[in-house]
Structure formats: C-alpha cells, structure tokens
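To start, the structure itself, in structure tokens.
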Amino acid sequence: MCIHHQIKITMKDEIIPIKKENAQRAFEAADETGKALLVGLLGEETFNIDIKDRVKSYEDACRLLQIKPAQLSEFTVVPREFRAPTYAFHRLCVIAKALNEGWEPDWDNNNQYKYYPWFDMRSKSAGGSGFSFYDSYCVSSFATVGSRLVFRTDELARYAGTQFLEIYREWMVIE
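If you're matching positions, the sequence shown starts at 270 in the working numbering and goes up one per residue.
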C-alpha cells in the first residue's frame with residue numbers, strides 16, 4: 270500500500286506527491302530545524318511511527334542514531350575467538366539505544382522498572398531448545414545484564430529478544 274501526502278508549493282502552486290516512507294526517512298535524517306519544517310508541512314501524525322517499525326535491523330538502528338555501521342573486520346584488535354561476540358555486543362548496544370529512544374535506566378530509582386530478554390540456553394540434548402527467546406524479566410535496582418542492554422518496557426525487551434535472536438546468540442553462546 271502506497272500512501273501519499275500532498276505538499277503544496279506556493280511559489281508555483283504545484284502539488285508534489287511524496288511517499289510517506291520517504292518523508293519519514295527524511296524526518297529521521299533531519300536536524301531539529303528540518304524536523305520542524307517537515308512536521309509543519311505534513312503534520313505530526315505522519316511521523317508518529319512505532320520504534321519497533323523503525324528498528325528492524327542493526328543498520329536501521331545505526332541510521333536512526335546517525336552513526337556508521339561497524340563491520341566485524343573492524344574488530345581486529347580483539348582476539349580472534351572474541352571478535353564475533355564483541356561485534357554482537359556492539360550491535361546489541363546500538364539496537365538497545367535506538368529502541369529506548371533516549372531513555373536510560375536510573376539504577377538509583379527502585380520505582381523505575383528495567384526489562385531485558387531471557388533466553389533458554391539449555392542444549393537440545395538436555396531438553397532445551399539450543400537457544401531461544403524464553404521471556405522478558407523485570408528488575409528495579411539490580412540486573413544480571415549490563416545497563417546498556419535493558420529496555421524501558423516489557424514490550425521492547427520481548428521485541429529485542431525475538432527480532433534480534435541471532436545477534437543475542439552470537440553474543441551469548443560459545444559455538
């Protein structure tokens with residue numbers, strides 16, 4: 270389905286169709302002045318996009334945060350056996366930062382819940398799945414994962430644990 274918004278250019282009084290997806294990409298790449306201009310032209314409802322629809326990959330997270338995606342080959346300073354998990358951890362940190370949309374955990378606030386994905390790591394021979402998303406877990410003042418990998422909502426933790434399962438596997442499982 271292609272949704273078009275019409276922008277009226279007053280100088281020539283012409284109407285130019287713009288795909289909503291292109292307007293949203295321009296919005297993500299724009300500075301504050303550009304964002305204000307786009308909202309003024311197309312309306313705020315055009316840009317209220319759920320973060321889960323904007324971050325489907327590491328590259329999406331990088332684009333949203335306006336950083337260059339790293340490559341595994343850039344991790345040569347790390348010993349060979351730790352390169353893939355270190356690269357995976359980097360990607361998970363970027364993804365979590367993007368999904369949290371500026372939110373950072375306050376570990377001094379026991380009323381603020383922090384969520385993270387929980388995985389079944391038991392081997393298939395032991396009756397487990399090998400590696401799969403199991404559930405999300407909530408904490409308030411302690412964590413069994415690093416601060417960079419907690420989420421502001423249960424929904425985001427579940428999304429990260431399922432959407433980025435293979436990256437979590439690269440980070441957590443010795444293969």
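Virtual Cβ for every residue (Gly too), placed ideally from N, Cα, C.
Computed from a prediction, not measured in an experiment: that's the story for all the values here.
| First and last residue of the uninterrupted beta strand (DSSP E) at K337 | Unbroken run through K337: none, as it is neither H nor E.
| said: For a test of the three-state rule: what should DSSP assign to W387, helix, strand or coil? | reply: W387 falls in the strand class under three-state DSSP.
| What is the rounded straight-line gap between the Cα of T302 and the Cα of K383? | Cα to Cα, the separation comes out at about 33 Å.
| said: Beta-carbon within less than 8 Å of L445's beta-carbon, same chain only, minus the 5 sequence neighbours each way: which residues are those? | reply: Shown here, the chain extends from 270 to 444; a query on residue 445 therefore has no answer.
| message | Check this for me: beta carbons of A365 and L418, under 7 Å apart or not? | response | If you check the CB distance, A365 and L418 come in under 7 Å.
| request: Can you give me the Cβ contacts of K325 inside the same chain, cut-off strictly under 8 Å, excluding the 5 residues immediately before and after it? | output: Cβ within range, chain order: Q432.
| Through-space distance from D404 to W387, alpha-carbon basis | Rounded to whole angstroms, the separation of the alpha carbons of D404 and W387 is 5 Å.
| Taking Cβ to Cβ, would you say A367 is nearer than 7 Å to L333? | L333 is positioned such that its CB atom lies closer than 7 Å to that of A367.
| task | Excluding the 5 residues preceding and the 5 following P338 in the sequence, name in chain order all residues of the same chain whose CB lies nearer than 7 Å to its CB. | result | Only Y327, E328 and C331 meet the Cβ criterion.
| query | Is it right to say R286 is buried, meaning 16 or more other beta carbons lie within 10 angstroms of its own, or is it exposed? | reply | Residue identity differs from the one stated: residue 286 is Pro in this sequence, not Arg. That one is exposed.
| message | Our contact map puts E439 next to P354 with C-beta atoms below 8 Å; I'd like the distance itself, whole angstroms only. | response | Confirmed, about 6 Å.
| request: Find out if the Cβ-Cβ distance for the pair R352, F344 is shorter than 7 Å. | output: Cβ atoms of R352 and F344: closer than 7 Å.
| query | Taking Cβ to Cβ, would you say F296 is nearer than 7 Å to K288? | reply | At least 7 Å separates the beta-carbon of F296 from that of K288.
| query | Are R427 and N369 close, meaning C-beta to C-beta below 7 Å? | reply | No, the Cβ-Cβ distance between R427 and N369 is not below 7 Å.
| field | Where D423 falls: helix, strand or coil (DSSP) | value | Of the three classes helix, strand and coil, the one that applies to D423 here is helix, per DSSP.
| field | I318 (DSSP reduced to helix, strand or coil) | value | Coil at I318, not helix or strand.
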